[in-house]
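So in this note's numbering, spot 214 of the sequence shown is number 544, and the numbers just go up one at a time.
Don't be surprised by glycine CBs; every beta carbon is placed ideally from N, CA and C.
None of the values given here were measured: they were computed from a predicted structure.
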Amino acid sequence: MQPFRSEFITVRECRHHLRIWGNDDAPTLFFLHGWGDVGASFQFVIDALQGNWRVIAPDWRGFGLSQWNASAYWFPDYIADLDALLELYSAKQPAFIAGHSLGGIIASLYAGIRPERVSRFANLEGFSLWVSTPGETPARLEKWLRQIRENDSTFRHYKQRAEFAARLGQDNPRLAPERAAFLAQHSLLADGDGFVFAADPRHRWISPVLYPLEEAKACWRRVSAATLWIAGRDSLIMKQFAARPDDYRERMACFADVREILIDDCGHNIHHDQPETLARLLDEFFY
């Protein structure tokens, strides 16, 4: 495996952990992970990259080895965290970004909010925003207040890392055992006599305010970066969009310069299921 080094930096009063592969004088490529994931999970893709890259993969606040919030999490914080990270690691030139799921959503909005800061963007199934309906607000806020009062969110406890690796394999038959073991090594934290998911349980709290789809589209229409839109044909997200193809196409059409690629034999976690194919596509796109 390609070696990496860890860095801890403080931005916006939050201590962030980043994994960095490659030489500092190489072109920089940012990898942004999804909900419940960590930057280390891009290792399989990085091992397959052929280009000379410096890859930077942060753990979002509240995930991996990054600092937890003192209370609830707010989506705009991720956008501001990304802005601060880019100012530190790519201040003099617009960035190359590959974002998966939550990471792709964050990056896609940011690329429209500050289009001059993103040069090229690979969106790895980061286009599925939750859509609220009128009248949801009272119930959502009531549930959110109850979760804050009770503060009892937890993640499952594992006696051994192998238990988590086995669960990953059951959930995703495409995941090779050695890759599941690697993910278990980096996705869990020691906790008493066992291990627990490397994430703040408060991420499980309901969001009191959803990001309106039309507002997201307004951001997407401002994106000037060339966009590579990648999805797994067998992804649950894509199966959901199969029932509303017009919605899917309308989202993609918001991006001015976009190319769609669907990967066969691949679910939502593209970087786990088909890392070699993904690496080839990213090498071609970003060079």
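Going straight from the alpha carbon of D523 to that of I443, what length do you get? 45 Å
Cβ-based burial, T557 [other Cβ within 10 Å; buried from 16]: buried
Drop a sphere of 10 angstroms on the beta-carbon of W460, count the other beta-carbons inside from all chains shown, and report buried for 16 or more, exposed for fewer. exposed
One or two residues paired with E618 in a DSSP bridge: There is no way to answer for residue 618, as the model of the chain reaches only from 331 to 617.
State the DSSP-derived secondary structure class of Y488, mapped to helix, strand or coil. strand
Which residues mark the beginning and the end of the beta strand (DSSP E) in which W351 is found? Run containing W351: 344 to 351, per the beta strand (DSSP E) assignment.
7 Å CB neighbourhood of W550 in its chain, flanking five on each side removed: Answer for W550: S438, G442, C584, F585, listed in chain order.
Secondary structure at D521, three-state DSSP: helix, strand or coil? D521 carries a strand assignment under DSSP once its states are collapsed to helix, strand and coil.
Mapping DSSP to helix, strand and coil, what is P388? strand
Simplified DSSP assignment, three categories, for R504: Three-state result, R504: coil.
Whole-angstrom distance between F374 and E606, CA atom to CA atom: E606 and F374: Cα-Cα distance of roughly 8 Å.
According to DSSP, simplified to helix, strand and coil, what is H363? coil
For the putative contact between P388 and R470, defined by C-beta atoms under 8 Å, what is the C-beta separation to the nearest angstrom? Actually they are not in contact, since the Cβ atoms of P388 and R470 sit about 29 Å apart, beyond 8 Å.
Apart from the five residues just before and just after F485, which ones in its own chain have a Cβ nearer than 6 Å to its Cβ? V526, F527, P531
DSSP state of R450 mapped onto helix, strand, coil: strand
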